[in-house]
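Under UniProt numbering, the sequence shown has 170 at position 170, and the numbering climbs by one with no breaks. For each residue, glycine too, the CB sits at the ideal point set by N, CA and C. Given the structure is predicted, the values throughout are model-derived calculations rather than measurements.
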Amino acid sequence: IGIDDSFLMLAAWHETPRHLKVEDRIGLSMRHAAVSISITTLTDALAFLIGAIAPLPADSRMWYQKFFEDYYAPFIANRWTVLVVITMFGTYVTAATIGSQRVVVGFDLINIVLTNSRPRHFLEIRKQYFPEDITRMDIAVMKPPRMAIATEREPFMRLLEKFESTACSAGRNSTEFWYFAFEKYMGELGFVDAWKNIVDDEEGFSDNLRGFLMANDKYSYDVLRYANGTPKAFRFATRLRGVATDELIDRCAQLMRKLCDDNPQYALSTYTPLWNLADQYEIMWPQTLQDLYISIAVMLGVALLFIPQPLCAPLVGLSIASVALGVLGIMPFLGVNLDATSMITIAMSVGFSVDFAAHVSYAFMTQKISDCDEKNAPFSRLRSTLGTVGWPITQASMSVLLGISSLSFVDSYVVQTCFKTVILVITFGTIHALVFLPLVLMFSHKVHLWLAGISQRRRSSNKIRPRKELENGNK
């Protein structure tokens, strides 16, 4: 209301002549805008005052409060509605659990490019027809053995066989090693019989290697040599296979890196573009779960500190965990991967579900129940809670959804990931706050009253029993 009045006043001000004095411009502005402002302000004030002074309680409440208290609360507390809600929650958990097992971890660089752009079309074709570009694994040997000495060469060749014999390696036929090409080169020159002597002579090996590298530019970049011609460091490559999924890529990366760690004398290091996916796969799940655990733990502490009933804290934590499970489980069905973008968005958006759960729990426990409502206290608390926070939560959800609705028109993977993730968080957070959590709180309160009644009856029976025994003793 105040913002609308400000716009009216500013519009009237800009229509006044600029050469007039400030006082005159204010007078003209008030002449044009004051009537409209007064009418809207007066009608709004009267509308609220009429409702506030009405003798009937139903009239003193706003329409949205009446809706949540008089219609929505009885509807969700109905026996058949509760059964439907339980079925919905079971279906929700089942779908989320199945979806969480299908989560695709990792960020594909192709998603950075716009969908209909030429670079993306090129990358898609290359990925489809030339997958070997990313399955080639380079292995750098920073502390190489002296290949002209058999006692150092043979252990290294056995290690090479281990790399080639792993489950994710394509074998010897896919290996590109300058040593094998050097041997073939010498054979083509007619030195097949002399190779055994050359390979065991360090000086002759270095001299012939120099000529081989000069004649083969392909391998000249694979060997870094000292001044005397002996290798200072070198690399070789082999192809990978059986790495169709992120999990298989991660297993292959761990296997190859373990071989490197088991042979520190060579200072081995491996690289392939697939390792980018493996590194993301290795860190994304733990980091995402860690963020969620921290959020739940912090919220539990805050709930224990501020909410009068300590038993509400676990319910708030379970609500947050349920929302997180739903978001992670439904993401795959919307084509969203678990990558840096979605992880950050989930971490930022989980605050909405935290706020909603905290508001509902606090409102439920702080509602004042009259003596006549003691027998039906759980439903009375549910009704008052939804009347208090139902509309604000709905407003908050709708404002966020409207705020991010413009992102749906942006043709970008990163933007679409943010949009879909926030949609899931807000939707599931709102459903939990307005459906699942209120019903859980109501039934928890019923269980609490039932247990309290049993305890009270036991205490009463214990008091009566000694009194009867005393009377029988006096007789």
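Cα-Cα separation between residue 129 and residue 297, rounded to whole angstroms: C-alpha separation (whole angstroms): 48 Å.
Close-in-space but distant-in-sequence residues of the same chain around residue 213 (CB under 7 Å, 5 per side omitted): 219, 220, 223, listed in sequence order.
Runs of alpha helix (DSSP H) lying entirely within the segment 351–432, each at least 4 residues, in chain order: Correct list: 377–404, 413–431.
Check whether residue 417 and residue 323 have beta carbons under 8 Å apart: no
The ligand FMN heavy atom lying under 7 Å from the CB of residue 219: This structure does not include the ligand FMN; it has no bound ligands of any sort.
C-alpha distance - residue 82 paired with residue 439, whole-angstrom precision: 8 Å
Beta carbon of residue 172 nearer than 8 Å to that of residue 183: The criterion of a C-beta distance shorter than 8 Å is not satisfied by residue 172 and residue 183.
From 342, 447, 238, 364, residue whose alpha carbon lies closest to that of residue 169: 238
Local conformation of residue 236 per DSSP, three classes: In this structure, residue 236 counts as strand in the three-state DSSP scheme.
Residue from 19, 38, 13 with nearest C-alpha to residue 28: Closest by alpha carbon: 13.
Buried/exposed call for residue 116, threshold 16 Cβ in 10 Å: exposed
Per DSSP, cross-strand counterpart(s) of residue 231: In DSSP, residue 231 forms a bridge with 225.
According to DSSP, residues forming a beta bridge with residue 137: Looking at the DSSP assignment, residue 137 forms a beta bridge with 238.
Cβ-Cβ distance between residue 277 and residue 249 below 8 Å: For the pair residue 277 and residue 249, the CB atoms are nearer than the 8 Å cut-off.
Residue environment, residue 211, which counts as buried when at least 16 other CB atoms sit within 10 Å: exposed
Start and end residues, beta strand (DSSP E) containing residue 269: Boundaries of the beta strand (DSSP E) harbouring residue 269: 268–271, taken from the DSSP string.
Where residue 58 sits in the DSSP three-state scheme: Here residue 58 scores only 43 on pLDDT, less than 50, and its place in the model is too uncertain to base an answer on.
Contact belief for residue 274 with residue 100 at Cβ below 8 Å, rounded distance in angstroms: With a beta-carbon spacing of about 23 Å, residue 274 and residue 100 fall beyond the 8 Å limit used to define contacts.
Reduced DSSP secondary structure (H/G/I, E/B, other) of residue 169: strand
Stretch-stretch touch, CB-based, cutoff 8 Å, three pairs: the segment 299–319 with the segment 431–449: yes
Through-space distance from residue 363 to residue 72, alpha-carbon basis: 17 Å
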